[in-house]
Structure formats: C-alpha cells, structure tokens
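Visitor:
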Amino acid sequence: MKIKDNILHYVLAFAVVLSVCLTSILWVNPTYLQNSTRNDQNTEDKKATSDDASKTRSADIYQPTSVVYNENGHSFRQTSSKLDLINDIREDLKTWDIQSISRVKKMSTQNYEELLKRNHTVLMGFSGDVTATQLKELFKNSPKGFARERFNRIAIQLTAHPRIYLLNDNNHRGTRVMLKKGKFTNLRKMVSSENVEQVPIELKRMNDKYVSFYSTKVRVQQYSYLANKDNASTFVTRLLGTSNSSVNSRKEDKETVYFDNSGQRMTVANDTGEVSYLNYSHNTPKNSSLSNDLTDAFKHLQETGRLLDDVRYDEYDVNDHQVTYRTYINAFPILTDSNYGAYHIKLAGTGGERTDFSLYSLQIPVPAKNNSVELPPTQEAVDKLLQRGIPQQKIKSIRIGYQAEVNGSSKQVIDLIPTYFVLYNGSWVDYQDILDGKVS
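Here the sequence shown stands for residues 1 to 440, numbered as in UniProt numbering.
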C-alpha cells in the first residue's frame with residue numbers, strides 16, 4: 001500500500017509540473033491584453049468582458065441540473081459518465097415548436113405528487129425557480145402568455161403522444177404545453193441506454209420543494225483539479241471598468257481594497273482569494289420580478305469574464321434579490337464556504353449591487369487518489385442528524401455536492417470530495433461537520 005501511495009504521489013507531482021508548464025504556454029490570457037488596449041483607447045461606459053464569457057448563452061446557465069425517470073412505480077435518477085444527458089435532452093427541446101399553453105388549475109398535494117410519480121415520465125429539475133424568459137433559448141419558440149409564472153420542473157410523459165407540463169413544487173401549479181411538432185429521440189434513448197445508470201430515488205417534500213432521497217447507498221466519483229489563481233488586477237479592469245482612470249487601492253491587514261470616485265469598490269481577501277465587488281450607485285428596485293433579476297444577474301456574471309462552461313444557476317433569494325451560481329461537476333455542485341466555484345450576485349438592499357466570487361478556479365484535471373466515495377442512503381444521513389439532536393425543522397434541505405479541499409501532496413491541486421450537504425441555518429453545511437460537532 002505504501003509503494004502504491006508513493007507511486008501515486010510521484011504521478012500526481014509529475015501531472016502538476018506538466019500542467020503548470022502547459023498552463024504557462026497555453027493559458028496566457030489574451031483578454032487582459034485586449035482590455036488594456038480598450039483602456040488605452042479610452043472606451044467609455046463599457047466594461048471589459050472576455051470572449052469566453054460573452055459566448056455563454058443564458059440557456060447554458062439556466063438549464064436543468066437533474067433528470068429523473070419514473071417506471072413501474074419507481075423513480076430513478078439518470079446519471080452517466082459517458083454521456084452529457086442534459087445537453088442531449090436540450091437537443092430535443094430545441095425542436096419543440098410550441099402551439100399553445102394552458103394553465104392547469106392548482107392541484108392538491110396528492111394530485112401533484114401523483115403527477116411527479118406518473119409512469120414513463122421524465123422529470124427535469126432546475127435548482128431554483130425560473131420563468132418563461134429563461135426558456136426562450138431552450139425551446140424552438142418561446143412560450144407566451146405566462147411571463148410571470150414561476151416553475152422549477154419540466155415533466156415529460158413519454159407515451160405515444162407525449163404530454164409536457166411546467167411544474168412548480170411550491171404552489172403545486174402546472175402549465176400544460178402543447179406542441180405543433182417536436183422530437184423526443186434523445187429522451188427515449190436515455191431511458192433505455194446501457195450507458196445510463198438508473199439510481200433509485202424517492203422525491204420527498206422539504207421546505208416547499210421535492211428533494212431527491214437516494215433509496216440505497218450511492219457511489220459518487222471523486223475528482224482532482226489543478227487550481228488557477230487569477231490576478232486581481234484582471235477583475236479591477238473588468239468590473240470597475242476600462243473608462244475609469246481614477247482607480248485607487250490600499251492594502252489593509254487581511255485584504256486589498258480597490259475603489260474609484262463613482263461608487264465602485266472591490267475587496268480581495270489576501271489569504272483566501274475571495275472577491276467582493278460592490279457598486280453603490282446601482283440598486284435594483286425591491287419590487288423587481290424574478291425574470292428581471294435572473295436576466296440582470298446573468299449580465300453581471302458575464303462581466304466577470306470567466307469561462308462559464310460548468311457554471312449553473314443554483315439558487316434565488318427573493319428577500320435580497322440574490323442569485324447564486326455554482327460550478328457543477330458530473331451533475332453535482334461544488335458547495336464550500338470559500339466561494340470556490342460559486343458566484344453570489346446580490347441586486348438589491350443596503351450597499352447597492354454586490355458580486356462575490358473567488359480568484360481561484362479549476363483548470364486541468366489530474367489523477368485523483370480515490371476513484372469514488374460511497375455515501376449512505378439519504379434518509380440514513382438525515383436520521384443521523386436527528387439522533388445528534390438536530391431539530392427536524394432546521395434541516396431545510398439536503399443534497400449531494402462536492403467539498404473542495406487542498407490536496408495533501410500539492411497545494412496547487414484541489415480535491416473534490418463528494419458528501420451530503422444540509423441547508424442548515426441558511427447555509428449549505430457538510431453533514432459530517434454537524435455530526436462531528438464542528439457546526440453548532
């Protein structure tokens with residue numbers, strides 16, 4: 001075992017050195033040079049955004065993050081290490097030519113849950129509520145007539161004549177969608193493919209949403225990545241703007257602060273690389289709609305100039321008009337208290353608009369020490385928390401995600417460790433930390 005660990009250590013070290021070399025050659029950032037050129041040209045009223053971010057469409061961010069299929073009275077989460085299931089399904093959705101929509105009256109809890117368990121039905125779940133605005137790039141034509149309607153799930157019954165519903169877990173409302181034409185080819189292939197793993201789950205109601213509870217032990221892939229730390233000056237240019245030549249900075253005990261004379265401020269934590277950008281001159285009205293908030297937050301996300309290939313919409317806080325985006329790896333989010341892989345965009349409240357994220361990002365995958373981690377059934381994890389004395393009402397939700405940890409062999413490598421996270425006291429917390437008494 002010791003020889004095996006030593007071999008793994010040398011392989012990992014070699015991979016890191018090789019990755020660093022490749023990074024120095026291939027990851028030279030042309031965007032920063034382009035931004036500097038724009039600054040020389042004194043481009044006014046614009047903010048520099050990289051080509052990578054500008055190519056990201058709204059539908060790439062506001063897309064479903066989970067797929068469940070019901071068959072013979074049982075529900076199965078669809079996962080695959082070989083296929084991009086969501087992308088394949090989106091190819092079907094692009095062909096959907098919507099003819100009309102009709103509101104389904106509010107259902108009872110029993111009727112709604114029967115619809116969620118209906119046989120031969122695919123459930124595509126969004127992590128947070130979305131509106132018709134976020135669907136306009138998913139479908140061939142945008143559904144009209146229910147702009148203010150919110151939903152978090154698409155149900156597709158794969159019968160001879162498929163039925164489609166847009167569902168809202170919170171108020172049990174459903175909207176029936178009728179098509180002129182549309183393909184369901186990839187959806188039908190998915191539910192019968194040998195490359196798709198059918199993981200048994202049960203949808204249970206928690207805090208006005210239905211959460212996937214794994215019925216058996218579940219094995220989740222572990223990953224390791226070379227971490228990259230961006231230069232803070234890159235975001236000074238992108239966020240504070242190229243037209244502003246009066247950006248000042250000062251170093252304090254644990255952070256560096258950049259500010260200008262127009263109400264903009266960016267703070268960088270020296271130790272953790274966490275960034276907080278504030279714009280005191282902008283403040284979204286408290287009565288702004290979900291649709292407007294999601295549209296505006298996406299624009300702010302693009303302004304970071306980051307590569308957003310694995311970033312997905314994750315949560316929405318109606319009180320602060322805050323939208324949270326997280327990096328997803330193999331259908332599971334990175335959930336950590338250091339903003340690693342996350343973007344929190346607050347549009348309203350005291351202090352104006354605010355964007356929080358990290359200078360660190362994942363770049364190149366390297367060999368992981370462990371291939372996978374086995375997690376207990378979800379109910380068993382919840383039962384352990386209850387036995388520990390945690391009140392049931394404090395457990396608002398639970399899901400599998402990745403904890404980001406610095407690799408023991410190299411500080412340049414981040415290990416993504418799968419575990420259960422609990423929505424506890426307003427934050428996502430590793431359930432093991434609660435069991436170990438690290439979180440009160």
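Where a beta carbon is used, it is the ideal one built from N, C-alpha and C, also for glycine. If you're wondering where the values come from, they're calculated on a predicted model, not measured in any experiment.
Counting only the same chain and skipping the five closest in sequence on each side, list residues whose C-beta sits under 8 Å from that of Lys-94.
Guide: Result list for Lys-94: Leu-138, Phe-139 and Lys-140, in chain order.
Visitor: Classify Met-107 as helix, strand or coil using the three-state DSSP reduction.
Guide: If DSSP states are grouped into helix, strand and coil, Met-107 belongs with coil.
Visitor: On the DSSP letters alone, give me the boundaries of the beta strand (DSSP E) that His-74 sits inside.
Guide: First-last of the beta strand (DSSP E) with His-74: 74-79.
Visitor: Three Cβ pairs or more, each shorter than 8 Å: is that satisfied between the region 142-160 and the region 170-177?
Guide: They touch, by the three-pair rule.
Visitor: Tell me which residues share the same chain as Val-67 and place their Cβ nearer than 8 Å to its Cβ, disregarding the 5 neighbours each side in the sequence.
Guide: Cβ within range, chain order: Arg-77, Gln-78, Leu-85, Ile-86, Ile-89, Val-122, Leu-123, Met-124, Gly-125 and Met-190.
Visitor: By DSSP, does Tyr-431 sit in helix, in strand, or in coil?
Guide: If DSSP states are grouped into helix, strand and coil, Tyr-431 belongs with the helices.
Visitor: Extract the residue ranges of the beta strand (DSSP E) inside the region 200-278, only unbroken runs of 3 or more that lie entirely within it.
Guide: Counting whole runs of 3 or more residues, the region 200-278 contains the beta strand (DSSP E) stretches 209-214, 218-221, 223-229, 248-251, 255-259 and 264-269.
Visitor: Would you mind working out which of Lys-394, Arg-188, Tyr-420 and Asp-253 sits nearest Gly-401, comparing C-alpha positions?
Guide: Selected option, being the one with the closest Cα: Tyr-420.
Visitor: In angstroms, rounded to a whole number, what distance separates the CA positions of Pro-418 and Gln-99?
Guide: The straight-line gap from Cα to Cα measures roughly 43 Å.
Visitor: Does DSSP put Thr-304 in a helix, in a strand, or in coil?
Guide: Three-state DSSP puts Thr-304 in coil, outside helix and strand.
Visitor: For Gly-249, which residues from the same chain have a beta carbon less than 6 Å from its beta carbon, with the 5 sequence-adjacent residues on both sides left out?
Guide: First, the amino acid is wrong: residue 249 is Ser here, not Gly. Excluding sequence neighbours, Ser-249 sits near Tyr-258.
Visitor: Thinking C-alpha only, which one of Ser-193, Leu-240, Asn-319 and Val-104 is nearest Val-177?
Guide: Checking every option, the nearest Cα to that of Val-177 belongs to Val-104.
Visitor: Comparing alpha-carbon positions, which option in Val-218, Lys-180, Asp-208 and Val-211 lies nearest Glu-197?
Guide: Of the candidates Val-218, Lys-180, Asp-208 and Val-211, the one whose C-alpha sits nearest the C-alpha of Glu-197 is Val-218.
Visitor: Assuming residue 507 and Asp-314 form a contact by the criterion Cβ under 8 Å, report the distance between their Cβ atoms to the nearest whole angstrom.
Guide: Look at the range of the chain in this structure, 1 to 440, and you will see that residue 507 is not part of it.
Visitor: Along the alpha helix (DSSP H) that carries Ala-132, what are the first and last residues, could you check?
Guide: Counting along the chain, the alpha helix (DSSP H) containing Ala-132 begins and ends at 132-135.
Visitor: Going along the chain, which residues of its own chain have a beta-carbon closer than 6 Å to the beta-carbon of Arg-388, five neighbours each way excluded?
Guide: Around Arg-388: Leu-435.
Visitor: Based on DSSP bridge pairs, tell me the residues matched to Tyr-340.
Guide: Looking at the DSSP assignment, Tyr-340 forms no beta bridge with any residue, so it has no partner.
Visitor: Can you name, in chain order, every residue of its own chain whose Cβ lies under 8 Å from the Cβ of Pro-285, other than the five neighbours on each side?
Guide: Cβ within range, chain order: Ala-348.
Visitor: Which residues bound the alpha helix (DSSP H) around Val-382?
Guide: That run of the alpha helix (DSSP H) goes 378-387.
Visitor: Looking at Asp-92: is its Cβ nearer than 8 Å to the Cβ of Lys-180?
Guide: Result no, Cβ atoms of Asp-92 and Lys-180 do not sit closer than 8 Å.
Visitor: Looking at the secondary structure, which residues open and close the alpha helix (DSSP H) in which Ile-409 lies?
Guide: It is Ser, not Ile, that sits at residue 409 in the sequence shown. Element bounds for Ser-409: n/a, residue is neither H nor E.
Visitor: Is the CB-CB distance between Leu-359 and Lys-229 below 8 Å?
Guide: Against a cut-off of 8 Å, the Cβ pair of Lys-229 and Leu-359 comes out as a contact.
Visitor: Quick one: using the 10 Å Cβ neighbour count with 16 as the cut-off for buried, is Pro-391 buried or exposed?
Guide: By the 10 Å Cβ count, Pro-391 comes out exposed.
Visitor: Going by the beta-carbon positions, is the gap between Tyr-343 and Ile-334 smaller than 8 Å?
Guide: In this structure, Ile-334 does not lie closer than 8 Å to Tyr-343 by Cβ.
Visitor: Determine whether the beta carbon atoms of Asn-261 and Ser-246 lie at a separation below 8 Å.
Guide: The answer is yes: Cβ separation under 8 Å.
Visitor: If you reduce the DSSP assignment to three classes, tell me which class Asn-186 lands in.
Guide: It is helical.
Visitor: Go to Ala-59, then tell me how far its alpha helix (DSSP H) extends in each direction, as first and last residue.
Guide: Where Ala-59 is concerned, the enclosing alpha helix (DSSP H) stretches over 58-61.
Visitor: Would Leu-203 and Tyr-210 qualify as a contact pair, given that the criterion is a beta-carbon distance under 8 Å?
Guide: Cβ distance < 8 Å, so Leu-203 and Tyr-210 count as in contact.
Visitor: Which same chain residues, not among the five before or five after Asn-279, have their C-beta less than 7 Å away from its C-beta?
Guide: Excluding sequence neighbours, Asn-279 sits near Gly-263, Gln-264, Gly-352 and Glu-353.
Visitor: Taking the alpha carbon of Ala-232 as the point to measure from, which residue in Thr-272, Leu-385, Phe-332 and Asn-195 has its own alpha carbon closest?
Guide: Of the listed residues, the one whose Cα sits closest to Ala-232 is Thr-272.
Visitor: Identify the residues that DSSP records as bridge partners of Phe-421: which are they?
Guide: Note: Phe-421 sits in a beta bridge opposite Arg-399 and Asp-430.
Visitor: In the DSSP assignment, what are the bridge partners of Ser-66?
Guide: Beta-bridge pairing links Ser-66 to Gly-125.
Visitor: So Leu-166 is in the beta strand (DSSP E); what residue range does that whole segment cover?
Guide: Here the beta strand (DSSP E) through Leu-166 covers 163-168.
Visitor: My output table needs one value for Leu-280: the three-state DSSP class, helix, strand or coil.
Guide: The sequence shown places Tyr at residue 280, not Leu. In this structure, Tyr-280 counts as coil in the three-state DSSP scheme.
Visitor: Please report the distance separating the alpha-carbon of Ser-338 from that of Asn-111.
Guide: Roughly 41 Å between the two C-alpha positions.
Visitor: Would you mind working out which of Gln-412, Met-266, His-120 and Thr-237 sits nearest Pro-162, comparing C-alpha positions?
Guide: Residue His-120 is the option with its Cα nearest to Pro-162.
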